[in-house]
Structure formats: structure tokens, C-alpha cells
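J.: Numbering (the numbering used here), first residue to last: 6 to 169.
Pasting in a structure now, in C-alpha cells, and then I'll have a few things to ask.
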């Protein structure tokens, strides 16, 4: 399956949900992310480079080995994101209400022209890391919390499947 994300394909963890959404004639998914853990060299969009990316749990060495010496980088655990094009404003509005009622509060219509609904999870971590300033115990705790939130995001996706 292809989508409009930078990687050009869907994350495997979200495919069952996307199939359910796309089985409805009034919805078409355009891009998505099932949640991920990333390390970036900058937080500026379009100006950053991924040093590490995973859509599943990570280990300490996965992250530690990507950290440059004496340079700040961004560590992020990012939530679920979905873009769903709806057949009408009415179907977009109904979808937003349904998703918000299920607990996805960061949901809204982002384009009235295309009736595009954006869905975002709220489970997220963002912090600066520096190999020389952050010890491994801190990094271990950070990764543990990021993995927990990522797994909560995966559970959120499974619950969403039940809505469709």
C-alpha cells in the first residue's frame, strides 16, 4: 500500500485500521503514522535529518549509538497520526465527533475544501539529548517511558479498528 507520507508506504501496524476505514465509501486515508520513536539532528521541519527511526520498541543501544558527541539532538516519541479525506463536510463532521467521543481529542477538520480530517494521538515525548550531558540511566528511563507510550499508541489503533 502506498500513501503520501515521506516514506511512501503505510506502517504495518496500522494497515488493518486503514483497510477498515477505506472500506467505507465516504472515507479515503491519505497518510498515516502508527507512532514512532525518532532522533533528529534538528527540530525544524524540512531542515532536519533522521538519525534514527523506529515504529516499534527500541533498546538503549539503538538510541545511544546514534547520538553524536557534544551535539544536541531531538529525541521524540510521536503519536498516531491519520489523514482521512471524507466525501462531504457532513461525513467529516460525523467522523470527528465519533473520534473525539472515543478519546481522540486532537482531531479536527483541517481542510474544508477537501473535507480532510486529521487525527492525532496525544501520547508524546519531546526532549533534547546530548551524549556528553545525558547519562545512560537517564536515557534508559526515557526509552522505557517512550516505549510505554508507543505501546499505548498501538493499543489505541486496535481500539480505533472497532469504531469502523
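For each residue, glycine too, the CB sits at the ideal point set by N, CA and C.
The model shown is predicted, which means the values in this text are computed figures rather than measured ones.
What does a CB cutoff of less than 8 Å around residue 54 pick up in its chain, not counting 5 residues either side in sequence?
T.: Indexing the chain shown from 1 puts residue 54 at position 49. The residues are 45, 46, 47.
J.: At 4 residues or longer, what runs of the alpha helix (DSSP H) sit wholly inside the stretch 15–75?
T.: 20–27, 65–69
J.: In the structure shown, what three-state DSSP assignment does residue 107 receive?
T.: Start at 1 with the first residue of the chain shown, and residue 107 comes out as number 102. The answer is coil: DSSP assigns residue 107 none of H, G, I, E or B.
J.: Which word fits residue 162, buried or exposed, when buried means at least 16 other C-beta atoms lie within 10 angstroms of its C-beta?
T.: The residue labelled residue 162 in the question sits at position 157 within the chain shown. When all chains shown are included, residue 162 counts as buried.
J.: So, with DSSP's three-state summary, where would you put residue 159?
T.: By one-based count along the chain shown, residue 159 stands at place 154. In the structure shown, residue 159 sits in a helix (DSSP, three-state: H, G or I).
J.: How long is the line joining the alpha carbons of residue 96 and residue 134, rounded to whole angstroms?
T.: Counting from 1 along the chain shown, the entry for residue 96 is found at position 91. Counting from 1 along the chain shown, the entry for residue 134 is found at position 129. Going from the Cα of residue 96 to the Cα of residue 134 covers about 43 Å.
J.: For a test of the three-state rule: what should DSSP assign to residue 146, helix, strand or coil?
T.: Numbered from 1 along the chain shown, position 141 holds the residue referred to as residue 146. Helix.
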